[in-house]
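Worksheet for the structure shown next.
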Ligand SMILES: C[S@@+](CC[C@H](N)C(=O)[O-])C[C@H]1O[C@@H](n2cnc3c(N)ncnc32)[C@H](O)[C@@H]1O
């Protein structure tokens, strides 16, 4: 057996990215976020490895090294939120808004891992006519990394969702290739969730029917019970309006007088049962179940994000929706992690 490879996850959230890396046998040793709710979920599901709740825009890595005795690590992963890199001419200004990205760079500089994986929104590659992308590549190239970037679509890797994410991968003295799509037939929303009941069930209740797809068999494989399946009781008007929208439809399917009852372009969208889902949100209540007159439960969202059923979300329901919606789908992360492992061979 090869040496166990370790990783640090920065901005780890509830742990979607980490979990994908763990799925292929990589070992989390340390994770940081400044949101305790997400860290509670992270710790519950990834009990091996330390975590720290702190602001990454203002961090002393020497202290982390000392306090947590983290002397070296093979891989650094993470997704610094990019609220906006501020640009001045042909460079990114050093201001508070890109401090979070800079902290990722500082960790890579300090630990000099063999590989880093930094994920972000797809348009990070194009903003400022590519200035941000070029600047990111330049920062890591200056640290001795050979850097590649690509936008991947989650449904190409068995995730029942067309979420797209940009990944920058840097390698020191080695070769990395992005994973090829691994599925021919994309997993659909109904294959992902049609075994979950219409109504709420108490945490820890047994499944109410047998699995109906290979995806469900996979999701249930380490779980005998359902968690996080509490439904939302919408008011009568909301239920009536959404009942008029067909599977896969949206506000355009409503009578004209109801079409602008919500002022967002994704309003009154029902997921399509026979396709991968559109990108699920963090609980804005605009995406409804393809059949039931309610938004998906946290568990249904977790299935759509490719979290297995034994991955349990803690804290309030609002917080759980945000934790799930923020995550990198574990199966997408696992596809990248598999290629990261090859770098060490
Ligand atoms: C997109 S989410 C990460 C999702 C995570 N990679 C996953 O796959 O589950 C971004 C995370 O950055 C965290 N964050 C935002 N600002 C931060 C800061 N200043 N210091 C530390 N963490 C921060 C948020 O709390 C959030 O959990």
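Residue numbers (this note's numbering): 3 to 347. Ideal placement from N, C-alpha and C gives every residue a C-beta, glycine not left out. What you are looking at is a predicted structure, and each value in this text was computed from that prediction instead of being measured.
Which residues in the same chain have their Cβ closer than 6 Å to the Cβ of residue i, if we skip the five residues on either side of it in sequence?
{"i": "residue 314", "result": "229"}
{"i": "residue 161", "result": "308, 331, 333 and 334"}
{"i": "residue 247", "result": "255, 270 and 272"}
{"i": "residue 124", "result": "153, 166 and 168"}
{"i": "residue 172", "result": "118, 142, 147 and 149"}
{"i": "residue 345", "result": "117, 173, 176 and 178"}
{"i": "residue 113", "result": "75"}
{"i": "residue 369", "result": "Nothing about residue 369 can be reported from this structure: the residues present for the chain run from 3 to 347 only."}
Can the beta-carbon of residue i be found less than 8 Å from the beta-carbon of residue j?
{"i": "residue 63", "j": "residue 115", "result": "no"}
{"i": "residue 226", "j": "residue 252", "result": "no"}
{"i": "residue 16", "j": "residue 43", "result": "yes"}
{"i": "residue 286", "j": "residue 280", "result": "no"}
{"i": "residue 294", "j": "residue 275", "result": "no"}
{"i": "residue 22", "j": "residue 33", "result": "no"}
{"i": "residue 170", "j": "residue 120", "result": "yes"}
{"i": "residue 298", "j": "residue 188", "result": "no"}
{"i": "residue 311", "j": "residue 222", "result": "yes"}
{"i": "residue 35", "j": "residue 79", "result": "no"}
{"i": "residue 282", "j": "residue 163", "result": "yes"}
{"i": "residue 28", "j": "residue 317", "result": "no"}
{"i": "residue 218", "j": "residue 197", "result": "yes"}
{"i": "residue 231", "j": "residue 301", "result": "yes"}
So, helix, strand or coil for residue i, using DSSP?
{"i": "residue 104", "result": "helix"}
{"i": "residue 320", "result": "helix"}
{"i": "residue 163", "result": "strand"}
{"i": "residue 172", "result": "strand"}
{"i": "residue 11", "result": "strand"}
{"i": "residue 279", "result": "strand"}
{"i": "residue 332", "result": "helix"}
{"i": "residue 68", "result": "helix"}
{"i": "residue 217", "result": "helix"}
{"i": "residue 240", "result": "helix"}
{"i": "residue 287", "result": "coil"}
{"i": "residue 78", "result": "strand"}
{"i": "residue 195", "result": "helix"}
{"i": "residue 268", "result": "coil"}
{"i": "residue 343", "result": "helix"}
{"i": "residue 153", "result": "strand"}
{"i": "residue 296", "result": "coil"}
{"i": "residue 223", "result": "coil"}
{"i": "residue 207", "result": "strand"}
{"i": "residue 314", "result": "coil"}
Look at the alpha carbon of residue i and the alpha carbon of residue j, and state the distance between them as a whole number of angstroms.
{"i": "residue 20", "j": "residue 155", "result": "18 Å"}
{"i": "residue 31", "j": "residue 69", "result": "13 Å"}
{"i": "residue 53", "j": "residue 24", "result": "15 Å"}
{"i": "residue 249", "j": "residue 82", "result": "35 Å"}
{"i": "residue 238", "j": "residue 264", "result": "16 Å"}
{"i": "residue 241", "j": "residue 296", "result": "7 Å"}
{"i": "residue 8", "j": "residue 235", "result": "44 Å"}
{"i": "residue 203", "j": "residue 39", "result": "23 Å"}
{"i": "residue 347", "j": "residue 6", "result": "12 Å"}
{"i": "residue 67", "j": "residue 214", "result": "48 Å"}
{"i": "residue 138", "j": "residue 122", "result": "12 Å"}
{"i": "residue 210", "j": "residue 48", "result": "28 Å"}
{"i": "residue 266", "j": "residue 216", "result": "35 Å"}
{"i": "residue 46", "j": "residue 262", "result": "42 Å"}
{"i": "residue 129", "j": "residue 207", "result": "47 Å"}
{"i": "residue 13", "j": "residue 107", "result": "13 Å"}
{"i": "residue 132", "j": "residue 140", "result": "12 Å"}
{"i": "residue 72", "j": "residue 4", "result": "21 Å"}
{"i": "residue 327", "j": "residue 284", "result": "4 Å"}
{"i": "residue 41", "j": "residue 212", "result": "32 Å"}
{"i": "residue 65", "j": "residue 157", "result": "40 Å"}
So, at 7 Å on beta carbons, what are the nonlocal neighbours of residue i in its own chain, with the 5 sequence-adjacent residues on each side left out?
{"i": "residue 260", "result": "243"}
{"i": "residue 337", "result": "159, 181 and 184"}
{"i": "residue 126", "result": "84, 134, 135 and 168"}
{"i": "residue 26", "result": "336, 339, 340 and 343"}
{"i": "residue 322", "result": "230, 300 and 315"}
{"i": "residue 61", "result": "105"}
{"i": "residue 224", "result": "310 and 312"}
{"i": "residue 190", "result": "162, 275, 276, 277 and 278"}
{"i": "residue 145", "result": "110 and 111"}
Excluding the five sequence neighbours on either side, which residues of its own chain have a C-beta within less than 8 Å of the C-beta of residue i, listed in chain order?
{"i": "residue 329", "result": "15, 16, 17, 18, 19, 307 and 309"}
{"i": "residue 201", "result": "233"}
{"i": "residue 59", "result": "98, 101, 102 and 105"}
{"i": "residue 257", "result": "246"}
{"i": "residue 37", "result": "15 and 55"}
When every heavy atom of ligand 3 is checked, does at least one fall within less than 7 Å of the C-beta of residue i?
{"i": "residue 63", "result": "Summarising the ligand content, the structure contains ligand 1 and does not contain ligand 3."}
Pick out the complete beta strand (DSSP E) segments inside the segment 103-149, 3 residues or longer, and give them in chain order.
117-122
Quick check on the DSSP output: what are the complete alpha helix (DSSP H) runs of length 4 or more inside the segment 23-65, in order along the chain?
38-47
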